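**Q** All the letters of the sequence shown, read from the start, carry residue numbers -8 to 473 under our numbering. Ideal Cβ placement from N, Cα and C applies to all residues, glycine included. Note that the structure is a prediction, hence the values are computed from the model and not measured.
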Amino acid sequence: MFVTRRAFVGVGAAVGASYLAGRGLPRLAGAPLRSRTESAGRDARLVSAGGRLDVELVASDDWVDLAGERARLWSYNGQVPGPLLEMAPGDELRIRLVNQLEEPTNLHFHGLHVAPDGVADNIFREIAPGEVASYAFRVPEQHPAGLFWLHPHLHGSVARQVALGLAAPLIIRGGLDAVPDVSAAREHVLVLQDFELDWTGRPIDPGMAALMGGREGALVTVSGQSRPRYAIEQEGALRLRFLNASASRFYRLSLEGHAMHLIATDGGSLATPQRVDDLLVAPGERRDVLILGSRETGVYRLMNLPYNRGSAGMMGGTLGARTAFEIASVVYEGRAESQRQVPQALGEVEHLPAARARRTFVLSETMGMVRGRGMGMRFRINGREFDHLRIDDRVRLGDIEEWEYINNTDMDHPMHVHTNPFQRIGADGQPEPAWLDGIVVPARRRERIRIRFTDFVGATVQHCHILDHEDLGMMSTMQIEG
Ligand code: C2O
Ligand code: CU
Ligand code: CU
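1) Taking the alpha-carbon positions, what's the residue 272 to residue 263 distance?
2) Out of curiosity, what's the CA-to-CA distance linking residue 301 and residue 65?
3) Taking 8 Å as the cut-off, is the C-beta of residue 140 nearer than that to any heavy atom in ligand 1?
4) Does the region 404 to 423 come into contact with the region 99 to 114, if we say contact requires no fewer than three beta-carbon pairs (one atom in each stretch) closer than 8 Å?
5) Would you tell me roughly how many angstroms separate the C-alpha atoms of residue 470 and residue 381, rounded to the nearest one?
6) Count the C-beta pairs between the region 319 to 330 and the region 216 to 227 that are closer than 8 Å, then say yes if the count reaches three, no if not.
7) Thinking C-beta only, is residue 110 closer than 9 Å to residue 49?
8) Based on Cα-Cα distance, which residue from 233, 39 and 428 lies nearest to residue 245?
9) Would you list, in sequence order, the uninterrupted beta strand (DSSP E) runs of no fewer than 3 residues that lie entirely inside the region 73 to 120?
10) Can you determine whether any heavy atom of ligand 2 sits closer than 8 Å to the C-beta of residue 249, and answer yes or no?
11) If you compare alpha carbons, which of 289, 293, 150 and 390 is closest to residue 231?
12) Rounded to a whole number of angstroms, what is the C-alpha to C-alpha distance between residue 93 and residue 402?
13) Using a Cβ-Cβ cut-off of 7 Å (strictly less than) and excluding sequence neighbours within five positions of residue 329, which residues of its own chain qualify?
14) Could you have a look at residue 144 and say whether DSSP puts it in helix, strand or coil?
15) Any heavy atom of ligand 2 within a distance shorter than 8 Å of the CB on residue 428?
16) So, using beta-carbon positions, are residue 392 and residue 457 closer together than 9 Å?
17) Could you tell me whether any non-hydrogen atom of ligand 2 is closer than 8 Å to the CB of residue 379?
18) State the Cα-Cα distance for the pair residue 11 and residue 98, rounded to the nearest angstrom.
19) Who are the Cβ neighbours of residue 117 in its own chain at under 7 Å, not counting the five residues just before and after it?
20) With a CB to CB cut of under 7 Å and the five nearest residues on each side skipped, what residues in its chain are close to residue 275?
21) To the nearest angstrom, report how far apart residue 250 and residue 280 are at their CA atoms.
22) Ignoring anything shorter than 3 residues, give me the beta strand (DSSP E) runs that lie fully in the region 175 to 252, in order along the chain.
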């Protein structure tokens, strides 16, 4: 169906390659293979072979190269963002996580439909400093293709660990990738991260006020680079796969002179491309777009447009970017052999049928003590702060439920659900045919979703993906019962 998957790493992936090469895991090929994802950067790509992907991830606090300068960040394998992992449905993933940090950490596989317990996507594990832990699971045969990601998920430390750089993209290759007009496009993964660094390249700790709204850094990077350029051929097509790996920053993206054709959301392919002039990508979310090289030769800026994500209660002031700024650009180079198009159809997307049960989640805020920082804002779901020892909701395997989020605060909360994807319910009361694992619930507004629990039982969570809010209580547990 799709191009043979071969194990290799991208050019100059010195760190990832050197310690994996010794083990021969995964197979490394030095030949200049034409990669499906043409990296605009220096990032390693680790691709499954023979149905398996074995990876070692070393989490450490060290100097890394960021946007052409040195920065003292937390990274996987010495690079920010971490290496790109690529697998296919049915493949087995094994990760050896080496914690060289001076505090505990763990791993979450954001968006993957895999077991939430054991050595799979178990966010309740705690990997101590100096510990080496294994994560292992098989991606289901029926798993949709798409862009997912790994990041730490230790309650209380998530925002800081992610904001310091710990994040790695993971592609499941299949379905959509085989659509000819999609596979013909040049593909790039754009990992959006922001950092707040001093002039020596060391991170600056945000104050309490910043945590209430969710910390944002002034330095915005795209796959570890500052304003990278992506080449497009005249008449050619470019596929940009955005991943918002920032702790709290929202991106509203627009490419000068070009429409974007949305082909996939968090959980995979749309049925048909959807033309958008600007695209909101909230924390944790992924969006996949095609762009046609239909303009005159030149350089076109990919802009981050202003977006008001509300205000942090009594603190006043608005949150989010107030002015537009360039985060990358697209430059015309050469001409395609034949004229590329936006495909008519991408695949089938099921409409989730009617729900058996309903639930409401009220999002609120309150003043309270914040560990190590004095008085500050705390966040709640249905009046309660997160407690991993409590089960907040019990759901049944096989059920479909309809959830309503009611935001009783003055800022947006991008809610994210683990383990099972969902669909947003539109104004007409029908589910929209797009699989999501995150939904922005705007300040003082409501949103509804439909979700189905399949394949896995166990304890899982949902939370706000403004990760400071999650750390400050806005997370709840859910027991999926068989
Ligand atoms: Cu990326 Cu529980 O989150
Ligand atoms: Cu997640
Ligand atoms: Cu929030």
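**A** The answer reads as follows:
1) 19 Å
2) 30 Å
3) yes
4) yes
5) 10 Å
6) yes
7) no
8) 233
9) 75 to 78, 83 to 90 and 99 to 101
10) no
11) 293
12) 34 Å
13) none
14) coil
15) yes
16) no
17) no
18) The predicted model places residue 11 with a pLDDT of 32, which falls under 50 and marks its position as unreliable; any figure quoted below should be read in that light. Distance between the alpha carbons of residue 11 and residue 98: 20 Å.
19) 95, 97 and 145
20) 101, 235, 405, 407, 429 and 456
21) 10 Å
22) 177 to 186, 210 to 213, 220 to 225, 228 to 235 and 242 to 246
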